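Let me begin by presenting the structure, written as structure tokens, before commenting on it.
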Ligand SMILES: *Cc1c(COP(=O)(O)O)cnc(C)c1O
């Protein structure tokens with residue numbers, strides 16, 4: 043597509059956009075009576091208009107049935123989590139038995155590391171990407187301590203080449219090979235929250251397995267953003283939250299993936315709870331944990347139905363649209379943002395610099411943009427013009443035009459506001 047920096051061009055793209063109507067299905071925060079230009083779907087996705095009814099349904103059924111709702115509710119709570127297997131599997135590219143919706147993201151990362159970070163002898167290192175999300179770093183540190191190590195002994199943060207911010211796949215693979223039999227686990231954010239780089243799950247997994255290590259991925263910025271094939275790519279485990287691209291509301295229930303090759307392994311160490319126990323004998327209430335032969339074995343507790351009701355409303359939308367159509371639009375829309383940023387840089391003479399890879403296969407929706415000389419005031423000024431972006435020190439704004447509800451016009455108008463602010467400095 044040849045982009046043009048004109049409102050008429052943006053409007054024409056929106057007219058031809060097969061997903062354009064979905065925008066109407068979301069609530070936008072308002073600014074002076076108009077929808078805000080909302081670019082933080084990578085932080086908290088917008089609320090689908092269908093969410094309220096989905097949550098209300100559970101409140102009504104709880105009022106009507108009390109405890110009987112476990113079986114009598116329109117969507118029975120006893121098996122509530124099972125409804126998520128198929129739609130979640132389609133989002134991350136897994137078999138239904140390999141995914142489960144439970145807890146929250148950092149909790150799931152801990153639970154999965156209990157099973158898949160098993161240091162033995164000199165094989166004890168954990169390799170992760172440069173600048174991981176802090177919660178992941180805290181998880182790695184505390185998991186190291188759980189095994190009696192000083193974090194510095196076992197944590198290896200993959201560094202980019204001098205003068206670069208993102209990582210090259212070939213360098214990641216060399217690092218894995220270099221660590222060799224000292225490497226216990228490779229755990230990457232599949233899309234890094236800071237740079238927006240989308241890593242090559244397949245190659246990283248293959249390299250980890252080749253040296254005898256496990257490979258896990260945090261999909262917080264990948265789920266609902268980029269297409270994945272966790273099963274075929276062979277990842278051992280993955281986890282994700284559902285409030286970013288998956289639009290399920292603040293702190294909503296998270297997801298987890300465990301490759302089927304691990305399901306029958308009854309000796310795998312897990313922190314066990316009754317909801318992971320064999321369903322046919324669960325209510326005999328006997329000691330002796332008998333794990334379900336699926337990702338459900340990692341569940342501890344019964345389903346948080348109110349949070350899940352919001353997640354279900356969102357997954358219904360993803361199922362109607364499909365990751366393929368979302369990805370096609372995302373590539374165009376983020377490409378347009380990249381083009382608009384270049385136009386703004388040329389017009390204002392401000393050397394805006396995009397940290398995110400320019401190769402669409404190495405990124406999702408998000409662009410991380412260095413604004414030389416900017417302070418956090420820029421984000422406040424953008425907000426005063428009805429534009430919501432996210433700020434990272436020292437001078438980076440992160441924007442994610444998301445294909446479900448952002449338009450080409452949104453991206454164009456962002457360019458106009460940014461130009462006004464940069465020219466007014
Ligand atoms: C957003 C995010 C988190 C947040 O963790 P919660 O447990 O959901 O609060 C963790 N890790 C990554 C990579 C994230 O992007």
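Residue numbers (the working numbering): 43 to 467. Ideal Cβ placement from N, Cα and C applies to all residues, glycine included. It should be emphasised that the depicted structure is a prediction, and the values quoted were computed from it without experimental measurement.
Answer with buried or exposed for residue i, where buried requires no fewer than 16 other C-beta atoms within 10 angstroms of its C-beta.
i: residue 109; result: exposed
i: residue 316; result: exposed
i: residue 303; result: exposed
i: residue 329; result: exposed
i: residue 113; result: exposed
i: residue 414; result: exposed
i: residue 354; result: buried
i: residue 161; result: buried
i: residue 311; result: exposed
i: residue 100; result: buried
i: residue 126; result: buried
i: residue 57; result: exposed
i: residue 325; result: exposed
i: residue 256; result: buried
i: residue 43; result: exposed
i: residue 184; result: exposed
i: residue 203; result: exposed
i: residue 140; result: buried
i: residue 252; result: exposed
i: residue 368; result: buried
i: residue 164; result: exposed
i: residue 320; result: exposed
i: residue 352; result: buried
i: residue 333; result: buried
Residue i lies in the beta strand (DSSP E); which residues open and close that run?
i: residue 397; result: It is not in any beta strand (DSSP E) - residue 397 carries neither H nor E in the DSSP assignment.
i: residue 299; result: 297-300
i: residue 278; result: Counting along the chain, residue 278 falls outside any beta strand (DSSP E), and DSSP gives it neither H nor E.
i: residue 257; result: 256-260
i: residue 198; result: 197-199
i: residue 134; result: Not the beta strand (DSSP E): residue 134 falls in the alpha helix (DSSP H), residues 127-134.
i: residue 143; result: 141-143
Nearest CA to the CA of residue i: which residue from the options?
i: residue 86; options: 71, 120 and 428; result: 71
i: residue 132; options: 364, 391, 229 and 379; result: 364
i: residue 370; options: 437, 62 and 127; result: 62
i: residue 397; options: 234, 357, 102 and 186; result: 234
i: residue 168; options: 147, 343, 193 and 146; result: 193
i: residue 406; options: 346, 344 and 240; result: 240
i: residue 117; options: 454, 90 and 350; result: 350
i: residue 75; options: 322, 428 and 253; result: 428
i: residue 262; options: 276, 457, 294 and 251; result: 294
i: residue 404; options: 390, 422 and 377; result: 377
i: residue 450; options: 93, 381, 348 and 82; result: 381
i: residue 145; options: 409, 430, 300 and 296; result: 296
i: residue 15; options: 173, 232 and 197; result: An answer regarding residue 15 cannot be provided, because it is not within the stretch 43 to 467 covered by the chain.
i: residue 411; options: 421, 424, 437 and 430; result: 437
i: residue 423; options: 442, 200, 199 and 461; result: 461
i: residue 268; options: 372, 432 and 314; result: 372
i: residue 433; options: 426, 425, 421 and 442; result: 421
i: residue 120; options: 384, 447 and 343; result: 343
Once DSSP output is grouped into helix, strand and coil, what is the label at residue i?
i: residue 176; result: helix
i: residue 165; result: strand
i: residue 371; result: helix
i: residue 119; result: coil
i: residue 310; result: coil
i: residue 273; result: helix
i: residue 206; result: coil
i: residue 56; result: helix
i: residue 383; result: helix
i: residue 319; result: strand
i: residue 193; result: helix
i: residue 181; result: helix
i: residue 44; result: coil
i: residue 237; result: coil
i: residue 331; result: coil
i: residue 187; result: helix
i: residue 49; result: helix
i: residue 341; result: coil
i: residue 305; result: coil
Provide the residue span of the alpha helix (DSSP H) that contains residue i, from first to last.
i: residue 96; result: 93-107
i: residue 347; result: 347-363
i: residue 246; result: 243-252
i: residue 231; result: Looking at the DSSP string, residue 231 is not in any alpha helix (DSSP H); the run it does join, the beta strand (DSSP E), is 225-231.
i: residue 149; result: 147-158
i: residue 215; result: 211-221
i: residue 111; result: 111-114
Is residue i close to chain C, meaning its C-beta is less than 9 Å from at least one C-beta of that chain?
i: residue 452; result: Going by chain labels, chain C is absent from the structure shown, which holds only one protein chain.
* Taking only runs of the beta strand (DSSP E) that begin and end inside the stretch 389-463, which ones reach a length of at least 3 residues, in chain order? -> 409-412, 432-434 and 438-441
* Within the stretch 56-86, note down every full beta strand (DSSP E) run reaching 3 residues or more, in order along the chain. => none
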